[in-house]
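Structure first, commentary second.
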Amino acid sequence: MIVTENQQTTYEEKDRSFSGKLTGILLSKLESGNEKMKIGMLTVFKHLINAATESMQDKQEVVVSGLKMMLSEQNNKLKKVFAQVVIAMAHHGYLELEGGQQMIEFIIKQSALKNDPPGKKSPDPEYVSNQALRTMCDHVLQLLTTTVEDMEHVLWPYLLELIVPEQYTEAQGVVCKCLSHLATKKRKEQTEDYEIDFETQANIPKPEALIARLMVLAGRPQNGRNRGIHVLTLMQGLVPNLNENLVELWDTVIPKLIQYLEDASKKNHWTENWEDLSHKQRRNKRGNIARVDQYPSHSTNHGIKRKKKADELNKAELWDPHSDLPPDLLHCRYLDITFLHAQLLHRFTEGIKHTCNNLLFDLNTGEKSEVDIERTKATLMLCYGFVALFSLQYLIVSRMEATILRSIQPYFANVKQPVNGFLSIEEKLLLENMEPSSNNITDFPTECVILAKLVPRCTDPNIRVRQMAMDCVQCTLRIASKIAGNSMDQPDQMIDALCTLKERLEKDDPNVLFSVINDLAKVIAKKLPSGQLIEFLDVLQEGLLDPQSHSSSGACVVLNGILKARGNEVSKQVSTIIGYLHDKLGQIEFDQTRTGTLRSVRTLSSHHLTNVLKALLSYPLPYDSNIVAIWQILSQDAMLTSGFTDQMLDMLSRQLPYEEKKDGERTTKIATQTPLAVTCALKIIFDVEESEEVVKKNYHRFFSSLLIRIGSSIDCKPPKPVVEEKESKPKEKKKSVPPPSSKVPVPSLAAVEAFRSFLQRSKSEDIIEGLDKEDCWEMFEDEERYPESVTILCRYLVESAVGGPYISKIVTSLASGLSSLYDPQRVTVAAFFSELINLKCAGNDDMIEMVMNSLLGRLVDSSHMVRMLCIRGLGNVASNEKQQVQQYSTTVLSAMMAGMDDKEDPEDLITTESMSGLSKILSEIDESHIRAILINVSLRIRPCFEKDRPAVRAQAFILFGNLSRFGDGPSKAPFLEQIHSNFVSLLLHLNDPEQEACKFSLRLLGPLLESEAINNKFQKYLLEDANLIYGEFMNDLAKCIIQDFPDKVNFYVMGCISFYKSMWSEIKCNAALFTALIILLKDQSPSVRAAAAEAMSLLYEY
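Mapping of the sequence shown onto full-length UniProt numbering: residues 1 to 1102, in sequence order.
This is the structure in structure tokens:
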């Protein structure tokens, strides 16, 4: 099957409309088709991925999953085309999905292909050889690494997983080339993902395995398509992740080795020279390179392994267990293997059959009865003894209890060992070997650990323990002073003063103990080296969990004192310290210790307010009880609360309130994490009584920020819960942090609750009562009713005794919200400002001007809701003093006229508000202001008489009636003509659902018709509360019209005809009735008039 360009274009066009079905069809064809069919389907996929990016966006996972069937393909032709599809997927983000790494592994498999076997070539002209496919895939992998920017996090560090497997040895040249490019770049730029955590990323080989593998690969630099330079470059770029001790050495040696390879021109004895040169490099850092014997099956690399083994054997022959050689030459690198073999021997002695080949001991694995079990047990324990004797101390300590004691304990199950005897032997050994050290000690690295362990004991319930602990603290500080170069005879007032503290420890008075431990904290803070401060704090925090309440409280006092004195030195560790203290709060058993720990957080905040704030806001929502307690303790400090809230309000104004995600034509708003966290934190702060002073001082800022936050949160979904990956906790933990509810708070509800707490804390009870009375709290969360709720809030704020004085500052704070990028924020401010003008800005004339200018500037806003509210606000100027109304009349009239012509007003909201605003303003201005536009206004509102929405028709009729105020002056004649033009419409709509509007207009227009009879009927029958019998009223009115306006009858009839096609049946009936009345009742024949009257009576009954 050949896929032409036209066919591909057709597929692309179909994909835009039927992407789901087309993808399914292509995948089914790919699964069941022959070679040509599969090639065609893959070509179509490649074209769709490149050309139909948008329509294929939601099908990426299906495509990646479906194409996995090609990973096991053996046909080189298909593999070549599929490799091209992989390139296309990489450029469009497909490989970032699950299964993308399998596609990368497929490319590397092809790069590892061996040459075709010699023999007869295939007659197929399109035959793809292994060499050609391998070369192509080499280029593909290099292309993905160097040109596709989004592939970096897919390839790094995943490619390291493919270094060790032997089946990819032939591909190591290109793999190392790509990895060296990534590693060198990331090391140079010090990117965040450069450091590799080999514990969490378990699929990546351990550093020892990588070092050994790379050394083996470097041993044959010409293999794997001249891989040597790339392997060495990778070793240099990766070395900080492998072993820090090798960094300096490899950075020095590897460039020389690379230069040697680049300059090598002599081929004689090339391999031997290279092995000698690389072997010297290994010997320079013995002990830091992994065991080469991890790779016994790499048959082509025995040379480098033989060099390594020979070197080890030479070292073994020269080794003497009683020599004074440094410990790192004692060859304990095989310690774990030794333990493994010893454990196998232990199982053998217990009757478990295991294969014992290659053990440390040459044992006969024949009949169990032939083995001397007792001798074997003795040999086993002797083995453990020698291992413990000759192993490095730091290696054997961690294995003593877990491996050695656990293995030999069963042999001592029935023997009682005298503990006192062991202690006596230990004491004797210490005394016999206690000699002054001849080494020149320059530091005391364990000072911080010793002091931190001793601090809780300084407040132990036992007096003797307290005093001994204080002695130990004093001794530790003297040792540190001596190591620092001070003479033992040189007096130190602070260290010497500890004797006085020891004497005071004889009393059990809690106040005395607090004073002593507080003074001790000052001494430690003064003497502790800066480099050991962090470790001291880490160890001291464990003292918070001490089972003795006095001891844990003492640790807490010292922690607080250290943070108070030297908290400015831990800026980079603030987040870590907060995390540790948060965990400890969930485990502390004593209330006093818990309170003191919370105060330590407060002390830390006094030094690093911003860092503490960021750390607390990063915790998942809803906050657990410990985070709530931290916020509460911080809120008790007015200065800290002021600093925190300043930054939090700044975050609310600067950070994105929500993100919009589109799903087809539907747009979903998802609240962002930080503003939501700030909102929840503010709620907690407001609930603390001590925050009242700060709240009242910044009343205007809190009010405006929270009001805008409510608007921003409406119809927003909460963000996805943050899943924290926490390290495993110690088994001895007594209790864990109380888990919070997994449900993230609803953004709008959180904002409303924070606002209510703010009003309560600021004592704005009058506002709360008003909002409760109007059921305003639920309206705050309703997108359609939200502007109305803001209007109500503004009214109660102006009347409030607490909030009223802050009106001017609140307006200033809100003004910037009108230029926000987010529609809900602009809607909030526009609704507040529009009602504020209606309330005369609390009597502040300067504020009226500012608010008016702000609303005028948003008349061209992209949101029709904002434009509508601005029109409403400008219309509300009519409620102000007459002088101000006259001042803004021209501007307001122009704005109202423009609003009536708004083309982007689908629900006629702006038109309705414009007509309502005109009605208000017309009652307050002079005729001279409206004269020039009177007729224009009449003409513009005429189409609104027939609008679908009753509210629009009602405002149009009311506005036309209000225009009558200017119909008896210079504009009388043209306005009377407008009355006659709209007279039919007004009469036919008298039984409209909004009939009061027509009654109102006709009563105002009646005096201008120059017909006393008609005016009398309007004033008598068209009352607001009167029940109008439409047929009788029109019958009587028709007679008056025929009598007073005979020349207008035909004009009215023509006007009625246009209503015969009205969408409302009532209007069509009214038009027919009115036409009959004014035509037939005008007939000269009495019999015709009588018949018409009888017919109309019957029609009315029908």
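Even glycine gets a Cβ: it sits at the ideal position worked out from N, Cα and C.
Asked                                                                                                                                                                  : Found
Please classify GLN167 as buried or exposed, where buried requires at least 16 other C-beta atoms within 10 Å of its C-beta.                                           : exposed
Buried or exposed: where does PHE106 fall if 16 or more other Cβ atoms within 10 Å of its Cβ makes it buried?                                                          : buried
In or out: residue 1112 buried (at least 16 other Cβ within 10 Å) or exposed?                                                                                          : No answer is possible for residue 1112: it lies beyond the span of the chain, which begins at 1 and ends at 1102.
Within the present structure, is the beta-carbon of LYS377 separated from the nearest heavy atom of the ligand GDP by less than 7 Å?                                   : This structure lacks the ligand GDP, and indeed carries no ligand of any kind.
Specify, as a first and last residue, the run of the alpha helix (DSSP H) that TYR658 falls within.                                                                    : Unbroken run through TYR658 is the beta strand (DSSP E), 658 to 663; no alpha helix (DSSP H).
Looking only at DSSP bridge pairs, what is CYS716 linked to?                                                                                                           : LYS669
What are the boundary residues of the alpha helix (DSSP H) that includes ASN203?                                                                                       : Here ASN203 belongs to no alpha helix (DSSP H), and DSSP marks it neither H nor E.
Check this for me: beta carbons of LEU214 and LEU246, under 8 Å apart or not?                                                                                          : no
Helix, strand or coil for ALA754, going by three-state DSSP, please let me know.                                                                                       : helix
Identify which residue in PHE755, ARG761, LYS763, SER862 has its Cα closest to the Cα of CYS776.                                                                       : PHE755
If you reduce the DSSP assignment to three classes, tell me which class HIS700 lands in.                                                                               : helix
Along the chain, where does the alpha helix (DSSP H) that runs through TRP777 open and close?                                                                          : 776 to 780
Just the Cα atoms here: how many angstroms apart are VAL455 and VAL512?                                                                                                : 16 Å
So for SER487, helix, strand or coil by DSSP?                                                                                                                          : coil
Please list, in chain order, all residues of the same chain as LEU501 whose beta carbon is under 7 Å from its beta carbon, the five residues on each side excluded.    : MET470, VAL516, ASP519, LEU520
Is it the case that the Cβ atoms of GLN548 and LEU559 are separated by a distance below 8 Å?                                                                           : no
Three or more C-beta pairs closer than 8 Å, one from the stretch 883 to 891 and one from the stretch 914 to 926: is that the case here?                                : yes
Can you tell me where the alpha helix (DSSP H) holding ASN241 begins and where it ends?                                                                                : 228 to 242
Use the C-beta contact count for SER971: other C-beta atoms within 10 angstroms, 16 or more gives buried, fewer gives exposed.                                         : buried
Under three-state DSSP, which class holds TRP631?                                                                                                                      : helix
Please classify TYR1021 as buried or exposed, where buried requires at least 16 other C-beta atoms within 10 Å of its C-beta.                                          : buried
Using a 10 Å radius around the Cβ and a threshold of 16 neighbouring Cβ atoms, would you call ASP362 buried or exposed?                                                : Summary for ASP362: the model assigns pLDDT 40, below 50, so the residue's position carries little reliability, and this model does not support an answer.
Would you tell me roughly how many angstroms separate the C-alpha atoms of LEU477 and THR610, rounded to the nearest one?                                              : 34 Å
Do PHE960 and SER914 have their CB atoms nearer than 8 Å?                                                                                                              : no
Just to confirm my understanding: we take ARG134, look at its own chain, exclude 5 residues before and 5 after, and list those with CB closer than 7 Å. What are they? : GLN110, SER111, LEU113
Between GLN573 and the rest of its own chain, which residues show a CB-CB distance below 6 Å, the 5 nearest in sequence each way excluded?                             : ILE534
With distances taken Cα to Cα, identify the nearest neighbour of LEU143 among ILE254, GLN673, ALA88.                                                                   : ALA88
Please look up how many angstroms separate the CB atoms of ASP902 and THR912, rounded, as I've assumed it's under 8 Å.                                                 : In fact, because the Cβ distance is near 11 Å, the residues do not count as touching under 8 Å.
So what's HIS608 in DSSP terms, helix, strand or just coil?                                                                                                            : coil
Within this structure, are the beta carbons of ILE807 and LEU814 separated by less than 8 Å?                                                                           : no
In angstroms with no decimal places, state the Cα-to-Cα distance between ALA480 and PHE536.                                                                            : 15 Å
Helix, strand or coil for GLN655, going by three-state DSSP, please let me know.                                                                                       : coil
Which residues mark the beginning and the end of the alpha helix (DSSP H) in which ASN113 is found?                                                                    : The sequence given here has Leu at residue 113, not Asn. That residue, LEU113, is in no alpha helix (DSSP H); it is neither H nor E in DSSP.
Express the C-alpha separation of CYS998 and LYS1048 in angstroms, rounding to a whole number.                                                                         : 21 Å
When you compare each of PRO118, ILE979, PRO123, ILE104 to THR145 by their alpha carbons, which one comes out closest?                                                 : ILE104
Can you tell me whether DSSP reads LYS266 as helix, strand or coil?                                                                                                    : Bear in mind that a pLDDT of 47 at LYS266, under 50, signals an unreliable position, so the model cannot answer this.
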